[in-house]
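Have a look at the structure below before the remarks.
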Amino acid sequence: MSAEIYIAELCRWFVLIALLSAAIGKTFGFRRFRDSLSDAFAWLKGAGATFAAGAIVIGEWAAGLSMLAGGALSRAGLTLALCLFVFLTAVVAVVLANGLSVRCNCFGPSQRRISGHDLARNLLFIAAASFGLYGASATGVAGASGGIAWPAVVAIAAVAATLFLLSIGLRELTHVLRIDAEDL
155 MSAEIYIAEL
165 CRWFVLIALL
175 SAAIGKTFGF
185 RRFRDSLSDA
195 FAWLKGAGAT
205 FAAGAIVIGE
215 WAAGLSMLAG
225 GALSRAGLTL
235 ALCLFVFLTA
245 VVAVVLANGL
255 SVRCNCFGPS
265 QRRISGHDLA
275 RNLLFIAAAS
285 FGLYGASATG
295 VAGASGGIAW
305 PAVVAIAAVA
315 ATLFLLSIGL
325 RELTHVLRID
335 AEDL
């Protein structure tokens, strides 16, 4: 197998881990995520914020679980992930361009404000989703792990998890793991 297949698989796992981490964090901290959207964007009040937050969370779950399922669903999940990342990166860019002070709830409740780090991280997610899609298309591999031996898949997933943790900063991990009673 060519290196391209392994790199595409690494990108797929990187994006999958990012999406499922974000979906878990936002699901358990849904109220805070919704409130953050409502506070940041005046036109998203009440039901609008609930709808937007719900759509983002459902999109993250759908993309992540589709990629995990494999087959044609994996490619569909990567496509949805790419669309989500482009949209969310545009939102981050608007927040930064307008100098808004918005809490980052990307991976669960947080007091940290959106910064250039979030923009750079999202661009990395876009690149990974793009290469994952390109690699799957160019190699004809649409299945989960595309025939790669399971020990290699485990190693690739471990590397992807490490890269994910480095990309979000370890302090964000505490928000993914911490669930407050008020969020349940």
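Residue numbers (our numbering): 155 to 338.
Heads up, the beta-carbon is just placed ideally off N, CA and C, and yes, glycines get one too.
Contacts around residue i, its chain only, beta-carbon distance under 7 Å, and the 5 residues preceding and following it disregarded
i              : result
isoleucine 280 : Leu236, Phe239, Val240 and Thr243
isoleucine 310 : Tyr160, Glu163, Leu164 and Trp167
alanine 296    : The predicted model places alanine 296 with a pLDDT of 49, which falls under 50 and marks its position as unreliable; any figure quoted below should be read in that light. Cβ neighbours of alanine 296 beyond the five flanking positions: Gly225, Ala226, Ser228, Arg229 and Ala290.
glutamine 265  : Arg257
serine 192     : Leu198, Lys199 and Ala203
serine 269     : none
threonine 181  : Val211
leucine 317    : Phe168
asparagine 259 : Lys180, Gly183, Arg186, Phe187 and Ser190
leucine 254    : Ala194
Identified DSSP bridge partners for residue i
i            : result
glycine 262  : Cys260
arginine 267 : Arg257
Pairwise C-alpha distance: residue j and residue i
i             : j                 : result
glycine 202   : valine 246        : 19 Å
arginine 275  : alanine 157       : 24 Å
leucine 273   : leucine 250       : 9 Å
alanine 315   : leucine 278       : 14 Å
glutamate 304 : serine 321        : Per the sequence shown, the amino acid found at residue 304 is tryptophan instead of glutamate. When rounded, the distance between both Cα atoms is 25 Å.
glycine 301   : serine 190        : 42 Å
alanine 172   : alanine 283       : 11 Å
alanine 194   : serine 175        : 23 Å
valine 308    : phenylalanine 205 : 36 Å
Close Cβ partners of residue i (< 8 Å) along its chain, the five nearest in sequence each way excluded
i             : result
leucine 234   : Gly213, Ala216, Ala217 and Ser220
histidine 271 : Gly323
leucine 287   : Arg229, Leu232, Thr233 and Leu236
C-beta neighbour in chain E for residue i, strict 8 Å
i           : result
leucine 170 : The chain labelled as chain E is not found in the depicted structure, where only one protein chain is given.
Whole-Å CB distance - residue i paired with residue j, under 8 Å assumed
i           : j                 : result
leucine 232 : valine 169        : 7 Å
alanine 207 : phenylalanine 187 : 5 Å
6 Å Cβ shell around residue i - same chain, five flanking residues per side excluded
i            : result
arginine 267 : Ser255
Where in the region 201 to 259 do unbroken runs of the alpha helix (DSSP H), each at least 4 residues long, occur, reported from the N-terminal end onward? DSSP runs (the alpha helix (DSSP H)) wholly in the region 201 to 259: 201 to 223 and 226 to 251.
Within the region 174 to 202, note down every full alpha helix (DSSP H) run reaching 4 residues or more, in order along the chain. Qualifying alpha helix (DSSP H) stretches, in chain order: 184 to 194.
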